[in-house]
Structure formats: structure tokens, C-alpha cells
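Residues in the sequence shown are numbered from 36 upward in steps of one, following the working numbering. Here is the structure we will look at, set down as C-alpha cells.
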Amino acid sequence: MIWVTWRQHRPQIFVTAAFLALLGALLLGSAVEASWYVSAHARPGCPEPALSCGDLAAALARRYDAVYSVFGWMPLVAPALIGAFWGAPLLGREYERGTHRLAWTQAVPVWRWLAVKLSVLGGAVVAGGLLLSLMVSLWRPVFRSGGDSTFGNIGVFNMVGVEPAAWWLYAFALGTAAGALFRRTLPAMALVVIGVTVTMFTLFRLSDHYAEPARVELSGTVVLDDRDARLVRAAWVEPSGREIAEPPDSGCARRVDVGQSGKNAEAWQACLFGKGYRYAVYYQPPSRFWRFQWTEAGILALASAALGGLAVRRTLRRPG
């Protein structure tokens, strides 16, 4: 059965391997060239997350804008493609072409056919996701002085650690279940794209509740020092200690002039701090990176198991 699975699904395996190889070459080439650029243009003490290194970070951002664009879409596009081209055809194509009547009447029982397919292809999907995570983790330190972060930037967060493997497995299971339900490949593919998109944005909203956020009160600034932190919410704190969304009658004028909005906002904030106001920030510290990784991976793994069970039950109940 393993050999049959390889023969049937080797096009997807070859295309995915080629995609990872091409992406790896792109990341490796940009990292090597960026390392040379940093060593040739960096000021003493850079790259570091300091203001004196801002010019270097901006130069790297402009130089590798195309790479960042590809990277920015990867957390959503890669799982959707896995679900559409690995999961959806697994059962949808068998039903669509009628080949299930031949495959499931041989000496191999249907449950064994499903078990081998799901375990072999699911294992390959997880391995591909972990390989992608490894490549991104080796590539990002070169650009660590840039404006994004590993924990605070949700797109980067979904591309490192165990997240890619969890997302790829979830998309594969969703595609398999969709193929079993619709018995057609194209509708199953469409459901995968919609399902992955909705799930990603839903977990993004829920991620703030994976742990109780930390709280800090700032005086003199509204910017949190920790650039890796994931901001949850913020509020002004009156001198009495009561939190409010925005001071209503503080006596500080807030002008809005074209081209001067940033300076006006700073002056307004300085006035508030001078009157005893403080700025409370609720955030998730970067020390919770692995806690959030395993929490979200666990949610996706449970969803994958449920979808896989649904696909198996649907197939075993309607083998004809």
C-alpha cells in the first residue's frame, strides 16, 4: 500500500519538494547577500534593535521588499495549497473518477487503505511543514534588526516553530474531509481555501486569550520597549487610577493639522503625562512564544483529528 500511495501521489510530492527547494534557494541567496550587505554597510554596534541601526533596517527592507512580499503571503497560501492539492483529491478524485469501486474491492480493506493513505501523506505533510519552519528560522536572524518580530508579528509566528507543520496537517485533513463530503475535487478545494482563511483569522482573534496578558503602566511614552511583545489592548489611566479609552476633558488640546499629526499627537500625550495621566498597555511577552506555539498547534491537531475521523467515518459508511 505504501508503494501504491507513492505512485498515486508522487506528483504532489515532487511539486511540493520542488517548491521547498526553490524557496530554500531564494532564502539562502537573500540571506548570504544580506549578510554581506550588513557587514559592508553596518555602523559599529549594528545590527541591533536600536535607533542608531534604523537606517540599516530601512535599507534592508527596501532591498528585499520582493522577498518580504513572498514571505508575507506564505502563512496563508502554503496551507491552502497543501489542503487543495494534497487533501482534496485524496478521496474527492477517487469518487469523481469512480476508481474507488476498484480500489476498495481488492484484498486490502477500505480501513487499511485509508489508514495507510492518511498516515503516509499526513506524515509527509508534517515533515514538509517542519522543513519550511527550519528554513525560515535559519533565514530570519539575518534580518532580525528589521521592523517585525518573531512573536508579535502573527505572520512570522505562523512560519516558525511547530506552526507550519500544524497548519499544513490541518489543511490536509480539511481537504480530505471536504473530498469525502462533496465527492468532488473542485468544491473540496474551494472549501479548503475558505476554511483555512476563516480558521487563521479566528485563531488570530482567539490568540489573545491563550494566556492572561501582562500589564504595564507607561509614563512619558506610549510605546512599549519590548519590540517582540504581542499587544492586546491599551488604555489611558486617570490620576485617580481609573482606566478610560481616551481622556475626555483633560485640558490638553488635540489639534489635527495636515502634515503635523505625529508632532501634535506627541504634544498631546506629553500634556497628558504632565497632568498625571499614565498609559496602560496589556501585552503578551515574547517569553510565552512556545506556550502559544504549542497551544495553537494543539488546537489545530485536535481539529485535524476530528476532520480525519469525519472523513474516515463518511468513507466507511458509504463505500459504494
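All C-beta atoms, glycine included, are put in the ideal place defined by N, C-alpha and C. All figures in this text were calculated on a predicted structure; none of them were measured in a lab.
Exclusion of the five residues before and after Ala215 leaves Leu126, Ala346, Arg349, Thr350 as the residues of its chain whose Cβ lies within less than 6 Å of its Cβ. For Val177, no alpha helix (DSSP H) encloses it, and the DSSP letter there is neither H nor E.
In this structure, the straight-line span from the alpha carbon of Ala340 to that of Asn193 is close to 20 Å. Shown here, Arg313 sits in a strand according to DSSP, grouped into three states.
Annotation for Ala66: Trp174, Val177 place their beta carbon closer than 6 Å to its own, counting only its chain and skipping 5 residues before and after. Residue environment for Thr232: exposed (fewer than 16 other C-beta atoms within 10 angstroms of its C-beta).
Separation of Glu247 and Val316 (C-alpha to C-alpha, rounded to the nearest whole angstrom) is 13 Å.
Distance between Glu252 and Asp243, taken at the CA atoms: about 19 Å. The C-alpha of Ala270 is placed about 12 Å away from the C-alpha of Ser254. Of the residues assessed, Pro124 falls on the buried side of the cut-off, its CB having 16 or more other CB atoms within 10 angstroms. For Leu253, DSSP records a beta bridge to Tyr314.
Contact between the segment 160 to 169 and the segment 300 to 317 is not established, with fewer than three Cβ pairs separated by less than 8 Å. Nearest to Phe308 by alpha-carbon distance, out of Ala56, Asp284, Val272, is Val272.
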